[in-house]
Structure formats: structure tokens, C-alpha cells
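Residue numbers (UniProt numbering), protein chains in the order written: chain A, 1 to 430; chain B, 1 to 218.
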Amino acid sequence: MDLSLLQALDRDRILEVLQRDKQLRIIEEDRVRRMKYELQELRRKGAKSFARQYGERTCARCQRPLGKFWNSGAVCRGCSHRICSKCRVVGGLDWKCTVCHAYREVKFRTGEWFLEEKAKKFPVITDKYETVGENLLRTYNVLSHISVVPPTPPPHLDHQFLNRSMDLKNSKPFTKSVENLMVSFTSHIRKISNSQNDVRDDLLTVASSRSGSDFSCVAQKSLSDTDINKCSRLFKVPSLPNLFKRSKDSDQEGSSTGAEEDTSFSSEYSGGKRGSTSSIGTDLSDTVTVSGELELALTYNTYTSCLEITVGSCRNLSYGDSKRRKCHPCVKLHVLPDKSGKMKTSGKRNTTSPVYNEVLKYDIERHLLFGKRLQASVWHSGTLKKKVFLGEVLIPLDGWTVEDKASEGFNWYPLCPKVCDGFTGHYSSD
Amino acid sequence: MTDGDYDYLIKLLALGDSGVGKTTFLYRYTDNKFNPKFITTVGIDFREKRVVYTASNPNGTTTGKTFKVHLQLWDTAGQERFRSLTTAFFRDAMGFLLMFDLTSQQSFLNVRNWMSQLQANAYCENPDIVLVGNKADLSDQREVQEKQAKELADKYGIPYFETSAATGAEVDKTVITLLDLVMKRMEQCVDKPPAESANGNGATKLGDAQPVEKKCAC
Ligand SMILES: Nc1nc2c(ncn2[C@@H]2O[C@H](COP(=O)(O)OP(=O)(O)O)[C@@H](O)[C@H]2O)c(=O)[nH]1
Ligand SMILES: [Mg+2]
Ligand SMILES: [Zn+2]
Ligand SMILES: [Zn+2]
Numbered sequence: 001m002d003l004s005l006l007q008a009l010d011r012d013r014i015l016e017v018l019q020r021d022k023q024l025r026i027i028e029e030d031r032v033r034r035m036k037y038e039l040q041e042l043r044r045k046g047a048k049s050f051a052r053q054y055g056e057r058t059c060a061r062c063q064r065p066l067g068k069f070w071n072s073g074a075v076c077r078g079c080s081h082r083i084c085s086k087c088r089v090v091g092g093l094d095w096k097c098t099v100c101h102a103y104r105e106v107k108f109r110t111g112e113w114f115l116e117e118k119a120k121k122f123p124v125i126t127d128k129y130e131t132v133g134e135n136l137l138r139t140y141n142v143l144s145h146i147s148v149v150p151p152t153p154p155p156h157l158d159h160q161f162l163n164r165s166m167d168l169k170n171s172k173p174f175t176k177s178v179e180n181l182m183v184s185f186t187s188h189i190r191k192i193s194n195s196q197n198d199v200r201d202d203l204l205t206v207a208s209s210r211s212g213s214d215f216s217c218v219a220q221k222s223l224s225d226t227d228i229n230k231c232s233r234l235f236k237v238p239s240l241p242n243l244f245k246r247s248k249d250s251d252q253e254g255s256s257t258g259a260e261e262d263t264s265f266s267s268e269y270s271g272g273k274r275g276s277t278s279s280i281g282t283d284l285s286d287t288v289t290v291s292g293e294l295e296l297a298l299t300y301n302t303y304t305s306c307l308e309i310t311v312g313s314c315r316n317l318s319y320g321d322s323k324r325r326k327c328h329p330c331v332k333l334h335v336l337p338d339k340s341g342k343m344k345t346s347g348k349r350n351t352t353s354p355v356y357n358e359v360l361k362y363d364i365e366r367h368l369l370f371g372k373r374l375q376a377s378v379w380h381s382g383t384l385k386k387k388v389f390l391g392e393v394l395i396p397l398d399g400w401t402v403e404d405k406a407s408e409g410f411n412w413y414p415l416c417p418k419v420c421d422g423f424t425g426h427y428s429s430d
Numbered sequence: 001m002t003d004g005d006y007d008y009l010i011k012l013l014a015l016g017d018s019g020v021g022k023t024t025f026l027y028r029y030t031d032n033k034f035n036p037k038f039i040t041t042v043g044i045d046f047r048e049k050r051v052v053y054t055a056s057n058p059n060g061t062t063t064g065k066t067f068k069v070h071l072q073l074w075d076t077a078g079q080e081r082f083r084s085l086t087t088a089f090f091r092d093a094m095g096f097l098l099m100f101d102l103t104s105q106q107s108f109l110n111v112r113n114w115m116s117q118l119q120a121n122a123y124c125e126n127p128d129i130v131l132v133g134n135k136a137d138l139s140d141q142r143e144v145q146e147k148q149a150k151e152l153a154d155k156y157g158i159p160y161f162e163t164s165a166a167t168g169a170e171v172d173k174t175v176i177t178l179l180d181l182v183m184k185r186m187e188q189c190v191d192k193p194p195a196e197s198a199n200g201n202g203a204t205k206l207g208d209a210q211p212v213e214k215k216c217a218c
């Protein structure tokens, strides 16, 4: 369908209608974003805070302890978490936990159900659901006079849109202001999106040929972290169905590995005792194959001036001890480049799909986030306090200078091998 | 005029031959007015209306729960020259008002064609549709009998209403019936058991197979 075949007058009338539709869509998108954000909040509240004791049987929603025989809770069919009787919502014959219930409700109210149905018949080729009207408007470039401010950026990038707003931005002199940050951010995205297509093709081939569980090769093709970001961005799956996926073993949470392990270990391995087979050396041939994904949610809390990182879970990790097929993973966080804000989750035992749901907080003024990156790495705690590197994710934090509630949800990031840019010596856990 | 203070945005679309009264019908529904002037719709247009929807149980009793629904009612041009444009918009609508003119046998015969257009272009093979015979007030010029239309609707398994945009008869009821169907559909879509568990997460541990050793040019 092509509007150019129509008479100019007709076309203008139609574009006018599409503009009106756009106004409505902006309101709707805002409403949807708000709803999804509230859902994330609910889920985050339900996430076990890392200060809480693990191993103890508690309701996944209210954290009240559950008994062995009476008040022992039951497993929710939606999320497989153990839920006390108070945190259930009955609907029809079945019940769901409060979060799963809210999730269902959001699926109705956001119209997500419709998008999913539509996608079954008309597969979404771009990584964005788009209405016909939206698409037509875009092709006719009539947005330029409205969109002076860059739109809320990821999760999905509308390249043309961004490029257009960039052109407007570029004509202004640079000032040290928030606007400045926004411009840099937008150009950052632009950089990514420019070469996105070819990378994407590669990713698709890899994903289809190897069940999507091992993206490491693609990430290694080029070793700058923007490339890795690129790859993680592409694999962000912000649609609701993925928010509540849980691995089977989510209920058997292991005991904490204790923090003292860290320090005693660090000297060993930053000191260069490489070469032992199960620990990570600087020599990549010795490392465990990196595979799997890490689920994170990032929020900047303006009231407490801190970045809240919720570590959701991992899936399809490699065995840290491949000989004995063992894996006791934990997740460590650092803020780069200064490696400040060291944080770590509890350790899980005997799982390659650990569930953490822990909120880790990093106190920092929002504007200081600019130029920083979050490094989240996954480690296996082996015998003799050896730590084995299982993969990492680098996330630029620049984006948090821009309010974007939509990207504050949980996202899956493919784990990448270490970046070989001279950082190798610094991967100690201290 | 719009704000985000509603619970659902529901998009419906009116289709049918040119002149059957789609524009007039929607104008009657949203503004409760009748404009006897014939103004050809150019390609597409839409009107909006906020309604309060009362959820009902499968047996028809009300649950007492009410929701604010923002209706976006798409109007389409029936003319051939806009065909590719209008049918493209079919896919973004959640429900359809398939309209013909009770005083025009031809517009009724064309219902079949519109039906197949819907099947091809709507978001799914069997979307929610209400068949609407309009201009019921012009009883002396009637060319389509109620029985005839009812049979066709039954064949498709969809409701049938005879309306008048001029008097407003059955107009509200028609739209609300369609809205109700869409709301029910929504629940069916979400609550049906998932056909496939997406991606290899959880139970079937893909990782159990020894990870393939890969040497990457690093
Ligand atoms: N008497 C009568 N006239 C109607 C009715 N609905 C529409 N019309 C007239 O039919 C003509 C075509 O209506 P319109 O809404 O523009 O048709 P559309 O092409 O389907 O949008 C107009 O002159 C309307 O006034 C109705 O229910 N009764
Ligand atoms: Mg019309
Ligand atoms: Zn509870
Ligand atoms: Zn649940």
C-alpha cells in the first residue's frame, strides 16, 4: 500500500487522521508504560531482598515464613513459587499469586493480548509492534515538526525517528546540560543502530542454528564493549511473557556462600595463579565456555539517589566444574570504569539456572552515571574457594539519565566472555 | 481531549460498501446526532468515545465490576480506490462492524466479499464481527429481509442487528455487543493454556547436554 498513489489532497486528509491517531497512541503508550512499571514494582517488592535469610521457606510474595506441615503454602501455577494462602487471588477454579494475577491483568489492559494474537498471523519483522497508521506516518516523514525532543529511547529504537531528532539537536551549540547528555546518548544509540543490521543477521544465524543458548561467538567477533552492548540490546526481551518465567528449581534456594570467601580468593587469582584448569586464568583457552543469559532490572531511584539493580535469575549457564558437572553460581556487580560499588548476590548451589531476585543498591548521583557501565559477572564457587568465571554483561548506564520507565523492567542479557582489552587482570572478585 | 484515565483502549472498525451509512452510524454513536448530508469518507477516519463497561459472567449475570473503556472507532471508505489502504487498517482492529444498507440488495450481496477481506486482513482468521443492516427507518424502501440477513449471520456465527443511524435505533446496542465479544475474546486469549513453552527455560535443561566446545577467534 502506498499513499503516493493517492491525490495530494486525499493524502493530506489521511495524514491528518494519522496524526490524530498518533496523539491517541502517545497517550496509550504512556499508559502502558505506567502499567508495566507498576507491575515491575510489584514484582520487585516480591523479590527477596538480599538482606533476607535464604534457605528458609518463605512465601515468595510476602516473605512470611511457611511451616512444614501447616500453612506450608502451595506452588503457584504461573510462577512456580511457593505462596502462602494470603497472597493468592482466586479466579475461576484456579488461583494465582498476586504477581501472576497482576501480570494477567496487565496483559488485558495494555492490549498485549491483541499484539500477541496479531503476531501469530502477521509475524513481527521489525523488533517493534507497529500499527499500520504508525508505519504510514513514519514513511511520510511528517513527524519531524513534532519530535524536537528525542523520544524515550530503548528498548526499541526507531532509527529514522532518532536520526531526525539528531539532526535538529546537532544544530544547537553544546552546553553542559542535561540536554547535552541526551544528545550524546542519542548519538550513542545512533552509533549502535548504524551497524546493527549486519550484526543482527549474524546473530540470527547463530541463534537459529544452535538453539539460542550460546551467543558468545558473535560477541567475540569484535571486542569493544559497544559491540557487546549491541548484542545484549538485540536480545533484550521486554515483552511480558518473559517476566515471570521461572526455572523448575526456583524453590530450592541454596544457602548463602558467605562474603568472606571473596576476599580470600581474590589474592589467589589476581595474583596470577592462573593455569589451574578449573579456575579462570587470563588465558582464554582455559576458561569455561560462556553460555546462557542473565536477567536484570535497573531502576534509578531519585528519592534515595541510588541505582537499584535487581538480579532476577540466570538460565542455561555452563557448568563451572565441567568435569564433575557442578555449578554453584553467584552474580557480582561492579560499576566501571572505576570498579566502584562492588556488590554480590548470594550463591546458589547445583543449578545452571539460579533464581536470585535480589535487589542490590549503588549510591550515586544520577548525573554521575553518565559514562559509566555496569559490569555484572557470573561466577561459580568451586572447591577450595576457587572461583570460575561463567560470563558477564556490560550495560552502559548513560541511559539512566533519561527517564525511561519501559526499560526498567527485567531484561535478559546474553552472557559474554571477558573483553580482551587488557582488562583481564582485573577480573578478580575483590 | 483525551487523557490516559481509562482501563482499556479498544479499537473497532466499521466496513462495508460506500453509502451504507458507516460514517453516519459512528457519528450517531459517538455524538448522538444525525447528519443527512452525504460526505464521502476519504480513505480512513476515526471517532472516539469513552464508555463504562460492566463485566458480565458467562451466564449473563453482571459481576458488578465496571471498567472505563476508551473506544477508537475506525471508519473506512468503501470505495475501491482506497481498498488497499483500508484493508491494511483491518489488522489493527480488535472487532468489526460489517455494515450493509437494508435498502440495497447489492450492499448485502457484497457482505460475502467483505467477509473474505476480513479473513485475509484481520488480526486473526475468525475475528469478532457484528453484522449490521442499517437504514431500518426506510422501511418502504427495504430490499433485504430480516430473515435473509439473519441466516447469513448464523452461517458465519455472528450476531445481527438492524439499526437506524437516522433514529438511533439499536445503534448503542450493536456497538456494546461487539465490545462485549472483544472483551470475552481477550480473556480467552490470555487464559487458554500456552501452546508451547517458549524458549528452553527450566524443566528441560538444555545445558545438560555437554556444552559444545567452541573456539572463537578472540
Ligand atoms: N434514512 C437514513 N439515512 C441514512 C442512515 N444512515 C445513513 N444514511 C444516509 O446515507 C448516506 C450515506 O451515509 P454515510 O454514513 O456517508 O455512508 P458511508 O459511505 O457508509 O460512510 C447519507 O446521506 C446518510 O445521511 C439511516 O439509518 N437512515
Ligand atoms: Mg463514510
Ligand atoms: Zn504471602
Ligand atoms: Zn505466581
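For each residue, glycine too, the CB sits at the ideal point set by N, CA and C. Predicted model, so just to flag it, every value in this text is computed and none were measured.
Where does residue 365 of chain A fall in DSSP's three states? In the three-state reduction of the DSSP assignment, residue 365 of chain A falls in the coil class, being assigned neither a helical nor a strand state.
Considering only residues of the same chain and omitting the five flanking positions on each side of residue 325 of chain A, which have a CB-CB separation below 6 Å? Hits under 6 Å: 319.
Would you please verify whether the beta carbon of residue 382 of chain A is less than 8 Å from any beta carbon of chain B? For residue 382 of chain A, the answer is no, since every Cβ of chain B falls outside 8 Å of its Cβ.
Kindly indicate which three-state DSSP category residue 375 of chain A falls into: helix, strand or coil? Residue 375 of chain A: strand per DSSP, three-state reduction.
Who are residue 391 of chain A's beta bridge partners in DSSP? BP columns for residue 391 of chain A point to A:378.
Which residue marks the beginning of the alpha helix (DSSP H) containing residue 176 of chain B, and which one marks its end? Counting along the chain, the alpha helix (DSSP H) containing residue 176 of chain B begins and ends at 171-191.
Does any CB atom of chain A fall closer than 8 Å to the CB of residue 224 of chain B? Because chain B is modelled from 1 through 218, residue 224 of chain B falls outside the range shown and cannot be assessed.
So, helix, strand or coil for residue 79 of chain B, using DSSP? Here residue 79 of chain B sits in coil by DSSP.
In chain order, what are the residues with a CB under 7 Å from some non-hydrogen atom of ligand 3? Chain-ordered, the residues whose CB falls short of 7 Å from any heavy atom of ligand 3 come out as A:59, A:61, A:62, A:64, A:83, A:84, A:86, A:87.
Three-state secondary structure (DSSP) at residue 25 of chain B? In the three-state reduction of the DSSP assignment, residue 25 of chain B falls in the helix class.
Buried or exposed for residue 309 of chain A, please, with buried defined as at least 16 other CB atoms from any protein chain shown within 10 angstroms of its CB. Buried is the call here.
Which bits of chain B does residue 113 of chain A rub up against, with CB to CB less than 7 Å? Under the 7 Å cutoff, chain B gives 186, 189, 190.
Of all the options B:7, B:181, B:19, B:46, which has the alpha carbon lying nearest to the alpha carbon of residue 134 of chain B? Closest by alpha carbon: B:19.
Determine, using beta carbons only, whether residue 131 of chain A comes closer than 8 Å to chain B. Answer yes: the Cβ-Cβ gap between residue 131 of chain A and chain B drops below 8 Å somewhere.
Assuming residue 56 of chain B and residue 66 of chain B are in contact, meaning their beta carbons sit under 8 Å apart, how far apart are those beta carbons, in whole angstroms? Their Cβ separation, rounded to whole angstroms, is 11 Å, which puts residue 56 of chain B and residue 66 of chain B out of contact at 8 Å.
Best match in A:58, A:348, A:78, A:110 for proximity to residue 95 of chain A [C-alpha to C-alpha]: A:78 is the residue among A:58, A:348, A:78, A:110 whose C-alpha sits nearest the C-alpha of residue 95 of chain A.
At 7 Å on the CB atoms, spell out the chain A contacts of residue 94 of chain B, in chain order. In chain order: 114.
Measuring CA to CA, which of B:23, B:12, B:5 is closest to residue 166 of chain B? Ranking the options by Cα distance to residue 166 of chain B, first place goes to B:23.
Assign residue 74 of chain A to one of three DSSP states: helix, strand, or coil. Here residue 74 of chain A sits in strand by DSSP.
Could you tell me whether the Cβ of residue 39 of chain B comes closer than 8 Å to any Cβ of chain A? Not closer than 8 Å to any Cβ of chain A, the Cβ of residue 39 of chain B fails to qualify, so no.
Min CB distance residue 24 of chain A to chain B below 8 Å: It does: the Cβ of residue 24 of chain A has a partner Cβ on chain B nearer than 8 Å.
Looking at residue 157 of chain B and residue 127 of chain B, is the spacing between their C-beta atoms short of 8 Å? Cβ atoms of residue 127 of chain B and residue 157 of chain B: not closer than 8 Å.
Nearest neighbour of residue 37 of chain B, chosen from B:21, B:109, B:46, B:49 [CA to CA]: In terms of Cα proximity to residue 37 of chain B, the closest of B:21, B:109, B:46, B:49 is B:21.
Going along chain B, which residues have a C-beta under 7 Å from residue 28 of chain A? Close partners of residue 28 of chain A in chain B (Cβ separation under 7 Å): 9.
Report yes or no: is there a C-beta of chain A within less than 8 Å of the C-beta of residue 89 of chain B? It does; some Cβ of chain A falls within 8 Å.
Could you please tell me which residues of the segment 7-19 of chain A, in chain order, have their CB closer than 7 Å to any CB of chain B? Within the segment 7-19 of chain A, the qualifying residues are 10, 13, 14, 17.
Residue 115 of chain A beta carbon less than 8 Å from that of residue 103 of chain A: No; because the gap between Cβ atoms is not below 8 Å, this pair is not in contact.
Chain A residues whose Cβ lies nearer than 8 Å to that of residue 46 of chain B: Annotation: Cβ neighbours of residue 46 of chain B in chain A (cutoff 8 Å, chain order): 17, 20, 21.
According to the Cβ coordinates, are residue 36 of chain A and residue 292 of chain A closer than 8 Å? With contacts defined as CB atoms closer than 8 Å, residue 36 of chain A and residue 292 of chain A fail to qualify as a contacting pair.
With a cut-off of 8 Å, does the C-beta of residue 121 of chain A fall near any C-beta of chain B? Any Cβ of chain B closer than 8 Å to the Cβ of residue 121 of chain A would place that residue at the interface, and such an atom is present.
Could you spell out the range, first to last residue, of the alpha helix (DSSP H) harbouring residue 88 of chain A? No alpha helix (DSSP H) holds residue 88 of chain A; the beta strand (DSSP E) holding it covers 88-91.
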